[in-house]
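Enquirer:
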Amino acid sequence: MVQDKGRGSKEQKRVTIRDVAKEAGVSVSTVSHVLNDYGDIGAATEKRVRQTMKRLNYYPNALARRLIRNRSHLLQLFLFAEEGLQHPFFYEVLCGIAKEAENRDYELVLSVQKSVDERQRWRQSLRRSIESRAEGLIIMGSPSERGVFEKIAASEIPAVFVDIPYEGPNSIYMSSDNETGARLAVEHLLSLGHRKIAFLGGDVKEAFLAPENPPGMGISKSRFQGYAQALKAYGLETDFSLIGHGEFTRKGAERAVLEILAGHPDLTAIFAVSDLMALGAIEAVRSVGKEVPRDIAVVGFDDIEAASFVRPLLTTVRQDGALMGRTAVKEIRRLIDNPKAAPGKVILPVELVVRESCGALGL
15 MVQDKGRGSK EQKRVTIRDV AKEAGVSVST VSHVLNDYGD IGAATEKRVR QTMKRLNYYP
75 NALARRLIRN RSHLLQLFLF AEEGLQHPFF YEVLCGIAKE AENRDYELVL SVQKSVDERQ
135 RWRQSLRRSI ESRAEGLIIM GSPSERGVFE KIAASEIPAV FVDIPYEGPN SIYMSSDNET
195 GARLAVEHLL SLGHRKIAFL GGDVKEAFLA PENPPGMGIS KSRFQGYAQA LKAYGLETDF
255 SLIGHGEFTR KGAERAVLEI LAGHPDLTAI FAVSDLMALG AIEAVRSVGK EVPRDIAVVG
315 FDDIEAASFV RPLLTTVRQD GALMGRTAVK EIRRLIDNPK AAPGKVILPV ELVVRESCGA
375 LGL
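Per our numbering, the sequence shown starts with residue 15, numbered consecutively.
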């Protein structure tokens with residue numbers, strides 16, 4: 015134990031690399047090579063050095079190690095969402111990112127942009143990422159402007175865009191199979207006899223029906239395509255008056271469903287592009303004196319934790335948020351090791367989880 019003898023204190027002073035070297039009977043250079051995993055130190059000596067570090071409670075200077083290795087071991091996460099990390103699915107993805115980052119010895123820096131005003135501050139966060147030599151960027155949510163993509167591309171930092179359809183230089187677009195998931199959900203409703211099925215998107219109708227994808231428009235547009243495909247397979251045309259804009263929030267979904275019901279009191283089913291909006295849809299249905307699924311069936315997308323204990327239990331499309339987060343970090347690592355691999359696309363599987371809220375007409 016090394017004591018602070020100069021002040022007569024019994025407090026333990028910070029153990030240095032020289033203390034470890036002296037205690038282990040080796041040179042400072044040998045300890046440094048062990049710390050930085052050079053692989054040129056004998057097994058017995060390395061074991062002795064590591065045991066000494068543990069016994070002395072020695073913690074190497076992380077910044078110094080990064081400078082030696084010419085690596086920052088920093089990952090930056092940008093989240094553009096009104097609910098921030100209170101959004102259940104984004105939180106699941108974050109947990110996966112954090113776990114995989116820890117396993118790979120990365121530190122994770124969060125930048126959560128909630129309001130429109132906050133979303134203008136992403137430039138400052140990106141500048142700090144560049145100055146800190148972040149090794150990778152992960153972007154989720156709905157960026158408010160195209161500048162996000164251009165600036166990130168210009169930074170030349172490897173980037174993974176989660177559910178944002180962008181395949182620029184040195185980047186990966188990663189998503190669940192949104193189109194297939196939506197098609198499965200709507201086909202299930204159609205198989206139960208439903209024909210008047212509303213589509214509850216997160217974005218404004220004009221945006222996700224546009225020929226090109228505006229920033230962050232991947233989820234609504236791809237899930238709308240699955241919705242339309244299912245209707246077409248049953249010989250039905252898309253009724254655009256049944257399309258609502260729920261802003262990816264419960265309150266927004268509740269408002270949108272009430273607007274649809276005002277024009278279509280005979281509506282029998284709702285497909286929402288997120289479970290959070292599906293919960294808002296259920297509240298809207300109840301507020302007009304109807305019940306789910308007796309009068310109107312509701313199906314969501316995500317399979318957040320609440321889906322399995324809300325009443326009625328929510329039928330939904332399951333996507334694995336934790337897997338998505340882990341995969342994002344793995345893809346960042348792949349881009350670091352092989353920059354020429356980008357641009358690319360990673361699509362993760364989904365499955366329909368049938369519970370109580372979908373109902374069956376006439377039953």
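Ideal Cβ placement from N, Cα and C applies to all residues, glycine included.
For Ala-148 and Gly-266, I'd like the C-alpha separation in whole angstroms.
Expert: Cα to Cα, Ala-148 sits roughly 36 Å from Gly-266.
Enquirer: Count the other CB atoms, across all protein chains shown, that sit within 10 Å of the CB of Val-306; report buried if there are 16 or more and exposed otherwise.
Expert: It is buried - the Cβ of Val-306 has at least 16 other Cβ atoms within 10 Å.
Enquirer: Roughly how many angstroms lie between the CA atoms of Met-188 and Thr-252, to the nearest whole one?
Expert: Taking the straight line joining both Cα atoms gives about 28 Å.
Enquirer: Expressed to the nearest angstrom, what Euclidean distance is found between the alpha-carbon atoms of Asp-177 and Asn-117?
Expert: Taking the straight line joining both Cα atoms gives about 24 Å.
Enquirer: Taking Cβ to Cβ, would you say Ala-292 is nearer than 7 Å to Leu-256?
Expert: Contact: no.
Enquirer: Quick test of the definition: if touching needs 3 or more C-beta pairs under 8 Å, does the segment 166-174 touch the segment 103-117?
Expert: No contact exists between the segment 166-174 and the segment 103-117.
Enquirer: Could you check what DSSP says for Lys-354 in three-state terms: helix, strand or coil?
Expert: Looking at Lys-354 - three-state DSSP - the assignment turns out to be helix.
Enquirer: Determine the DSSP secondary structure at Gly-294, reduced to helix, strand or coil.
Expert: Of the three classes helix, strand and coil, the one that applies to Gly-294 here is helix, per DSSP.
Enquirer: For Ile-296 versus Val-313, is the C-beta spacing smaller than 7 Å?
Expert: Going by C-beta atoms, Ile-296 is not nearer than 7 Å to Val-313.
Enquirer: Are the CB atoms of Gly-335 and Val-107 within a distance shorter than 7 Å?
Expert: It is a contact, given that the beta carbons lie within the stated cut-off.
Enquirer: Could you check what DSSP says for Lys-359 in three-state terms: helix, strand or coil?
Expert: The answer is strand: DSSP assigns Lys-359 an E or B state.
Enquirer: Take Cys-372 and list the residues in its own chain whose beta-carbon comes closer than 7 Å to its own, dropping the five residues that flank it on each side.
Expert: His-202, Leu-203, Leu-206, Pro-307, Ala-311, Val-313 and Thr-329, listed in sequence order.
Enquirer: Measuring only the C-alpha atoms, how far is Pro-357 from Ala-168?
Expert: Spanning the two alpha carbons is a distance of roughly 14 Å.
Enquirer: Determine, using beta carbons only, whether Glu-268 and Gly-294 come nearer to each other than 7 Å.
Expert: For Glu-268 and Gly-294, yes; Cβs fall inside 7 Å.
Enquirer: For Ala-212, which residues in the same chain have their Cβ closer than 8 Å to its Cβ, ignoring the five residues on either side in sequence?
Expert: Cβ neighbours of Ala-212 beyond the five flanking positions: Leu-256, Ile-257, Gly-258, Val-271, Ile-274, His-278, Leu-281, Ala-283, Ile-284 and Phe-285.
Enquirer: Across which residues does DSSP place Gly-207 in a beta bridge pair?
Expert: Its beta-bridge partners do not exist; DSSP assigns none.
Enquirer: Cβ atoms of Leu-91 and Ile-152: under 7 Å apart, would you say?
Expert: In this structure, Leu-91 lies closer than 7 Å to Ile-152 by Cβ.
Enquirer: By alpha-carbon positions, which one of Ala-199, Phe-238 and Gly-195 ends up nearest to Gly-216?
Expert: With distances taken between Cα atoms, Gly-216 lies closest to Phe-238.
Enquirer: Does DSSP put Arg-28 in a helix, a strand or coil?
Expert: Note: Arg-28 maps to coil in three-state DSSP.
Enquirer: On the DSSP letters alone, give me the boundaries of the beta strand (DSSP E) that Phe-262 sits inside.
Expert: Counting along the chain, Phe-262 falls outside any beta strand (DSSP E), and DSSP gives it neither H nor E.
Enquirer: Taking the alpha carbon of Pro-403 as the point to measure from, which residue in Gly-182, Val-29 and Ser-46 has its own alpha carbon closest?
Expert: The chain is shown only over 15 to 377; residue 403 falls outside these bounds and no answer can be derived.
Enquirer: Going by DSSP, name the residue or residues bridged to Arg-332.
Expert: The partner list for Arg-332 (beta bridge, DSSP) reads Asp-316 and Glu-365.
Enquirer: Given this structure, state the Cα-to-Cα distance separating Thr-44 from Val-34, to the nearest angstrom.
Expert: The straight-line gap from Cα to Cα measures roughly 10 Å.
Enquirer: Of the residues Leu-362, Arg-332, His-47 and Ser-86, which one's Cα is nearest the Cα of Glu-345?
Expert: Answer by Cα proximity: Leu-362.
Enquirer: Alpha carbons only, please: which of Pro-326, Phe-315 and Pro-102 is nearest the one belonging to Asp-309?
Expert: Checking every option, the nearest Cα to that of Asp-309 belongs to Pro-326.
Enquirer: For Tyr-187, list the residues DSSP reports as bridge partners.
Expert: According to DSSP, which records beta bridges pairwise, Tyr-187 is partnered with Phe-175 and Lys-359.
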